[in-house]
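Trainee: Mind looking over this structure? Questions follow.
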Amino acid sequence: MESSPVTGWQPLMFASDLSDATVKAAQIGAQKLAIWRDSYGKIQAVEDRCPHRNMRLSLGFVRGDMLTCLYHGWRFDEHGQCRAIPAHPDITPDDTTSVTTFPAVDYCGIIWGLTNKTDTRQSPAEEWHLPSVKTVTPVRTLLIQVPLKIAMKQFGSVPGRSVRLSETTGNGSILPLLLVARSIGQNATQLHVLLEDVAASETCEQASLWAINFLSMAERNYAETDQNT
C-alpha cells in the first residue's frame, strides 16, 4: 500500500548544516530531494535525480551558482533548468531538459521543504507557530524510534507544531528550548533541538544532555507500552 503524501512544510535540517555553494540530500515521504545553496546563501530544492542518467544530484556540487551533476557535469539553475552539457558545449538545452523544483526556505535556524506545491498558503512560521526570535542556536538532531504523535504527546503538543520549553538544569540555570519534530517513518521521529537566542557552549552541552535523556525516556516508555498492549 502506498503511503499518503506528506503535506505542509517539513523541517529538514539545521540551516547551519548547509554552507553556501554546497548541496545535501533530504527526503520528505517518498520524495528524495537535493537541497542546495548558491554562493549568496539562497536555498533551492530539486528532485534528487539527474534526468540524464538518474544520478543523485545530492552527490554533485555547486559551480557558478548552478547545481552540477557529479556524473557528466550537467548544470541546473535555480529554476531546475539545465543550462550546460559539458560533452556538448555548442548545444543549448531545451526547456524540457530540467529537474522538478520544490519550495524551500531558511527560517528560525531550520531549512524547511514543501513537496505539495499547492499547499503554500501559510509560511513555516504561521503553520508551525514558531516564535519570532531573531537568533537561535542549533544544538543537535536526534532520531527517536517512537511515532511522531506519541513523541509530541510527551510535550503536551501535536504533530506540526513547534514546542517551547523552559527546562531547569542541575545547577539551576534555565534552558530556553525550541523543539521541531517530523515523522520520518511509521515509528520514527526526527527531532531538531535548538536554543532561543545566542547560547554559550556550556548551555549547548546541557541542552544536548537533556535531548539524549529525553530520547532514552521516550523510547523506553514506548517499548514498555508496546509490550503491555
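Straight run, no breaks: the sequence shown in the numbering used here ends on number 226. Cβ atoms here follow ideal geometry from the backbone N, Cα and C, with glycine treated the same way.
1) Would Thr186 be called buried (16 or more neighbouring beta carbons within 10 Å of its own) or exposed?
2) Check this for me: beta carbons of Leu30 and Leu139, under 9 angstroms apart or not?
3) Between which two residues does the alpha helix (DSSP H) containing Ala178 stretch?
4) Kindly identify the DSSP beta-bridge partner or partners of Arg53.
5) Could you please give me the residues that DSSP links to Ser95 through a beta bridge?
6) Of the choices Pro121, Pro86 and Asp116, whose alpha-carbon is the least far from that of Asp103?
7) Can you name, in chain order, every residue of its own chain whose Cβ lies under 7 angstroms from the Cβ of Glu(-1), other than the five neighbours on each side?
8) Roughly how many whole angstroms lie between the Cα atoms of Ser95 and Val43?
9) Just verifying my parser: in three-state terms, what is the DSSP assignment at Gln203?
10) Using only alpha-carbon positions, find the residue among Arg217, Asp45 and Trp33 that is nearest to Ile141.
Mentor: Per the coordinate set shown:
1) Reading the sequence shown from its first residue, position 189 is the one you call residue 186. Under this definition Thr186 is a buried residue.
2) Within the sequence shown, numbered from 1, the residue matching residue 30 stands at position 33. Within the sequence shown, numbered from 1, the residue matching residue 139 stands at position 142. Contact flag unset, no.
3) Here the question's residue 178 lines up with position 181 in the sequence shown. That residue, Ala178, is in no alpha helix (DSSP H); its beta strand (DSSP E) goes Ile171 to Gly182.
4) As a working note, residue 53 is residue 56 in the sequence shown. DSSP lists no partner for Arg53.
5) Here residue 95 is taken as the residue at index 98 of the sequence shown, counted from 1. According to DSSP, which records beta bridges pairwise, Ser95 is partnered with Gln78.
6) Translated into the one-based positions of the sequence shown, residue 103 becomes position 106. That would be Pro121, whose Cα lies nearest to the Cα of Asp103.
7) In the sequence shown, the residue the question calls residue -1 occupies position 2. A caution first: Glu(-1) carries a pLDDT of 45, below 50, which makes its placement in the model unreliable, though a value can still be read off. Nothing listed; no residue qualifies.
8) The sequence position of residue 95 within the sequence shown is 98, counting from 1. The sequence position of residue 43 within the sequence shown is 46, counting from 1. Their backbone Cα atoms lie some 10 angstroms apart in a straight line.
9) Taking the first residue of the sequence shown as position 1, residue 203 is located at position 206. It is helical.
10) Along the sequence shown, read from residue 1 onward, the residue named residue 141 stands at position 144. Cα-wise, what sits closest to Ile141 is Arg217.
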